[in-house]
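K.L.:
Count along the sequence shown from 1, add 1408, and you get the number used in the working numbering.
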Amino acid sequence: MARFERLIRFKSDAGNVHYGEAPLSDPVAGQVVSVYDGNEPWDLKLSNRTARVAKVLCPLDFTPIIYGIGLNYKKHIKETGLPAPEYPTVFTKPSGALNGPFNEILFPDEAWNMDYEGELCVVIGKDCKDIGENGEPLDYVLGYACGNDASARFWQVPDRSGHQHGYAKSFDGFAPLGPVLVSPHVIPHLGQLTLTTRVNGEERQKISIGDLLFDVGSLVRHLSRGTTIKRGTVIMTGTPGGVAAFMNPPQWLRDGDQVEVEISRLGKLRNTYRLTSTT
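(1) If distances are taken between C-alpha atoms only, which option among 1659, 1539, 1566 comes closest to residue 1634?
(2) Quick check: the Cα distance between residue 1618 and residue 1562, rounded to an integer number of angstroms?
(3) With a cut-off of 8 Å, do at least 3 Cβ pairs link the stretch 1434-1445 to the stretch 1609-1625?
(4) What residue range does the beta strand (DSSP E) around residue 1387 cover?
(5) Using 8 Å as the Cβ pair cut-off and three pairs as the minimum, do the stretch 1546-1556 and the stretch 1525-1532 touch?
(6) How is the beta strand (DSSP E) around residue 1624 delimited, first residue to last?
(7) My output table needs one value for residue 1546: the three-state DSSP class, helix, strand or coil.
(8) Is DSSP giving residue 1579 helix, strand or coil here?
(9) Per the contact definition of three or more C-beta pairs closer than 8 Å, is the stretch 1667-1685 in contact with the stretch 1500-1520?
(10) Since residue 1459 is in the beta strand (DSSP E), which residue starts that stretch and which ends it?
(11) Which residues does DSSP list as the beta-bridge partners of residue 1442?
(12) For residue 1617, which three-state DSSP category applies?
(13) Quick one: complete beta strand (DSSP E) runs, 3+ long, within the stretch 1495-1524?
(14) Do three or more CB pairs link the stretch 1591-1598 to the stretch 1542-1552 at distances below 8 Å?
(15) Hey, out of 1567, 1431, 1582, whose CA is closest to residue 1476's CA?
(16) Between which two residues does the beta strand (DSSP E) holding residue 1668 run?
(17) Helix or strand or just coil, what does DSSP make of residue 1555?
(18) In terms of alpha-carbon separation, which member of 1441, 1628, 1667, 1662 lies closest to residue 1421?
(19) For the candidate residues 1626, 1566, 1564, 1423, whose alpha-carbon lies nearest to that of residue 1494?
What follows is the structure, encoded as structure tokens:
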């Protein structure tokens, strides 16, 4: 896999799309960065060229599948009143759900009771299958990023979903990712990171990644049982307590609301929710 530290995919002033090495300072847009040669994030080589960042794009141009994990923060499990699962609770989102870190999240009339879920996301960098207890799951991880598992809760309640989460979370653009992809060798101890979600500037979620019930290695190993996890796969590792659905009363997102998901050392994504009427 490629060796980078803080990878961004961006459009330059000239209109070209590049991969580059992101600086620590924020915002990245407007800054001049070193450019990588290559078209895929797992096959890059640092060049001697630079380019100015005009727009930060999703770190991935495409993903074969997005895995979501439910009930994976102890605090979130407590607010749901449900028992802690013995194994990871897995659902999927299609590739079309992938979205950029600063793009709008467009939701149609049918996507009622919109919610946010700030999450740590994992991108797989090489194919893996049946990682045993003696294997090292993190060897297959390309990097970490912020994510938002946007959800239409109306379609998630058991009477309408049969306890299946996928449909409520699978609308186009319901999985923004970014703004950077940070290499595991830069952050060897994820438990030291803090995840914060804000809605229109108001803090709604804040927790240590160390509160995860199933850590990243456990998730990758579990998902690889009898299944080939293709490179480019995204794993959304779960959301902590503080989602709109469990507020009293629920504070559903409305047209124009802005959601920020920030993870220390991984940056911040910011998406505005927009209603797109189909009538």
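Think of the CB as a built atom: it goes at the ideal place given N, C-alpha and C, for glycine as much as any other residue.
P.N.:
Judging by the given coordinates:
(1) 1539
(2) 30 Å
(3) no
(4) It is not possible to answer for residue 1387, since the shown part of the chain is limited to 1409 through 1687.
(5) yes
(6) Not the beta strand (DSSP E): residue 1624 falls in the alpha helix (DSSP H), residues 1624-1631.
(7) Residue state, collapsed to three classes: helix.
(8) coil
(9) yes
(10) 1453-1465
(11) 1429, 1458
(12) helix
(13) 1497-1501, 1513-1516
(14) yes
(15) The alpha carbon of residue 1476 has as its nearest neighbour, out of 1567, 1431, 1582, the alpha carbon of 1582.
(16) 1666-1671
(17) Collapsing the DSSP output to three states places residue 1555 in a strand.
(18) Here the closest residue by C-alpha is 1441.
(19) 1626
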